[in-house]
């Protein structure tokens, strides 16, 4: 028999209030810890539903509009933990990101 799949990664305190790589996966696949808040489960259902509708037809059924990635506009969807509503956000004019651009931290653009 195969070994069971490893448990999803647990969120560490270092990720609180930040976006950590892979932190969304438990929400996408409904693998929230049983001690999660009701808001966590609501966000998980919203994300799972959004992904399923996007996979079924990327042009229909996703509100607000989910724009294609654009390295100039850099928009993404934000999920609130208190009210799972989607909102488009942009990095334009973000001082912290402008700093990283100023020191040449833009190698990712070469991969697009």
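Residue numbers (the working numbering): 415 to 526.
Glycine is no exception: its CB is placed at the ideal position from the N, C-alpha and C atoms.
The structure presented is a predicted model; accordingly, all values stated were derived computationally and were not measured.
Outcome for residue i when other beta-carbon atoms lying within 10 angstroms are tallied against a minimum of 16
i           : result
residue 441 : buried
residue 464 : buried
residue 473 : exposed
residue 517 : exposed
Same chain, Cβ closer than 8 Å to residue i, five either side skipped, listed in chain order
i           : result
residue 455 : 446
Alpha-carbon to alpha-carbon, residue j and residue i
i           : j           : result
residue 509 : residue 453 : 31 Å
residue 471 : residue 443 : 19 Å
residue 451 : residue 438 : 15 Å
residue 507 : residue 491 : 18 Å
Residues near residue i in its chain [Cβ-Cβ closer than 7 Å; skip 5 each side]
i           : result
residue 513 : none
Cut-off 6 Å between Cβ atoms - residues of its own chain near residue i, not counting five sequence neighbours on either side
i           : result
residue 458 : 441, 444, 446
residue 493 : 457
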